[in-house]
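Student:
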Amino acid sequence: MSTFMFKSKPSKFTPLSNIFIERYMPKARGEFIKVYILMLKYSYTGEIGVNTSILATILDLLESDIINALNYWNEEGVIKLTPIDKMGNFNIEFIDLTSENDASSNEINLLEELSNEANKGMIRDIEKLMGRPVSPSEITAYIQWKQDYNFSPELILLLINYCVSKGKNNYRYIEKVAIAWHELNIKTVEDAQNYIRKTEDKWGTYREILKFLGIRNTEIMKPQEDMLEKWTTVYSFSLDVIKKACDICFQRLNRADFKYIDGILSSWHKDNLKSLKDIEEKETAYKNSSSNKTYNNKTTTYNKSNLKFNNFKGRDYDYDSLEKKLLGWDKDD
Numbered sequence: 001m002s003t004f005m006f007k008s009k010p011s012k013f014t015p016l017s018n019i020f021i022e023r024y025m026p027k028a029r030g031e032f033i034k035v036y037i038l039m040l041k042y043s044y045t046g047e048i049g050v051n052t053s054i055l056a057t058i059l060d061l062l063e064s065d066i067i068n069a070l071n072y073w074n075e076e077g078v079i080k081l082t083p084i085d086k087m088g089n090f091n092i093e094f095i096d097l098t099s100e101n102d103a104s105s106n107e108i109n110l111l112e113e114l115s116n117e118a119n120k121g122m123i124r125d126i127e128k129l130m131g132r133p134v135s136p137s138e139i140t141a142y143i144q145w146k147q148d149y150n151f152s153p154e155l156i157l158l159l160i161n162y163c164v165s166k167g168k169n170n171y172r173y174i175e176k177v178a179i180a181w182h183e184l185n186i187k188t189v190e191d192a193q194n195y196i197r198k199t200e201d202k203w204g205t206y207r208e209i210l211k212f213l214g215i216r217n218t219e220i221m222k223p224q225e226d227m228l229e230k231w232t233t234v235y236s237f238s239l240d241v242i243k244k245a246c247d248i249c250f251q252r253l254n255r256a257d258f259k260y261i262d263g264i265l266s267s268w269h270k271d272n273l274k275s276l277k278d279i280e281e282k283e284t285a286y287k288n289s290s291s292n293k294t295y296n297n298k299t300t301t302y303n304k305s306n307l308k309f310n311n312f313k314g315r316d317y318d319y320d321s322l323e324k325k326l327l328g329w330d331k332d333d
């Protein structure tokens, strides 16, 4: 059980930053948000501290869920956890998120930028795509992408349309895609279209595998996605080969297990088995080898059993004497 000590002053209300709501809340798990808000409330109402047992009871969660949530927010830079001792106790400080908005607002003059008809038109088109109004902080970010990433308005609209088509219209997700495109050096609409085409082809294969396993692609985690990437890209296995490994997994475990399937495919890759024909030939050779071993073992056992009779010492009989006794001739003089 861990205890967290607050650095705060008493207050009768709990202010929740709009920046938290717009940037951090959409991508976070529900239980993480519950932990953040409750801890924020304790911080503002003057609580000295609270332990994970109390938090878990109030929120109907496990203590491990509380720890995971606070570690998550610490990594996101929303709170700051400082160890007090080696017993798992911490000081917790909530970061002032308004400084993020102030920093970005200072870099561009929003009113001046929105006087530009091209920017105004881009924002109108973005709102149509997203089906909702965009906040000033979002507008600032979209305009800033033009300066920092050298994105054209057409490229920004394509990026947002791509995200919306995947059912994602929150700013945090869109921002991550923008950063990824910038790091991939995507600068033109043509670059983006080629990237989207390759990505969709890749996920088309992933979805086919997941469908075969009875799993929705929204349910997979990053390690599972990495395995799919390894099977299709690193190992370059065809869909048929991957399905064969899945079949074997089902036959042996009666369920889908990514690690088990990965073990099968890794073994095939190590043995340089690339096609179903290669795999079948390997299986046939193994079965024949096993059959020969079984036959040889049975033959050896049979011969050994015959040897037991060779160790039996037979009795010696005088058949002439026996015949005389049976006929009564042994009594004749």
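Counting from 1, one number per residue, gives the positions in the sequence shown under full-length UniProt numbering.
From the three backbone atoms N, C-alpha and C, an ideal C-beta is built for every residue, glycine too.
Using the C-alpha atoms, what's the distance from asparagine 194 back to leucine 16?
Tutor: Between leucine 16 and asparagine 194, the C-alpha separation is close to 41 Å.
Student: Leaving out five residues on either side along the sequence, give the residues of the same chain with a beta carbon under 8 Å from the beta carbon of tyrosine 302.
Tutor: Note on tyrosine 302: pLDDT 48, under 50, position unreliable in the model; the coordinate value appears next. Counting only Cβ-Cβ distances below 8 Å, and skipping sequence neighbours, we find nothing.
Student: Could you check the C-alpha separation between proline 26 and cysteine 249 for me, to the nearest Å?
Tutor: Roughly 36 Å separates the two Cα atoms.
Student: Rounded to the nearest angstrom, how far is the Cβ of tyrosine 235 from that of histidine 182, given a contact under 8 Å?
Tutor: Not quite, the Cβ-Cβ distance comes to about 30 Å (not below 8 Å), so this is no contact.
Student: Per DSSP, threonine 82 forms a beta bridge with which residues?
Tutor: BP columns for threonine 82 point to Asn91.
Student: What residue range is occupied by the uninterrupted beta strand (DSSP E) comprising glycine 30?
Tutor: Element bounds for glycine 30: not the beta strand (DSSP E) but the alpha helix (DSSP H), 30–44.
Student: Tell whether a beta-carbon distance below 8 Å holds between leucine 35 and leucine 55.
Tutor: Checking the sequence, you will find valine at residue 35 rather than leucine. Yes.
Student: Taking only beta-carbon positions, decide if aspartate 60 is within less than 8 Å of chain C.
Tutor: Looking for chain C here will not work: only one protein chain is present.
Student: Give a yes or no on whether the C-beta atoms belonging to tyrosine 206 and leucine 228 are separated by under 8 Å.
Tutor: Result yes, Cβ atoms of tyrosine 206 and leucine 228 sit closer than 8 Å.
Student: Going straight from the alpha carbon of leucine 276 to that of valine 241, what length do you get?
Tutor: Each residue's alpha carbon lies about 6 Å from the other.
Student: Please identify the residue among Thr14, Phe258, Arg29, Gly88 whose C-alpha is closest to the C-alpha of tyrosine 72.
Tutor: The candidate whose alpha carbon is nearest that of tyrosine 72 is Arg29.
Student: Give me, in chain order, the residues of the same chain whose beta-carbon lies closer than 7 Å to that of residue 346; leave out the 5 immediate sequence neighbours on both sides.
Tutor: Nothing can be reported for residue 346: it is not among the residues displayed for the chain, which extend from 1 to 333.
Student: Can you tell me whether DSSP reads glycine 204 as helix, strand or coil?
Tutor: Here glycine 204 sits in helix by DSSP.
Student: Checking 8 Å against the spacing of the C-beta atoms, do glutamate 93 and leucine 61 come in under that value?
Tutor: No, the pair does not count as a contact, with Cβ atoms beyond the cut-off.
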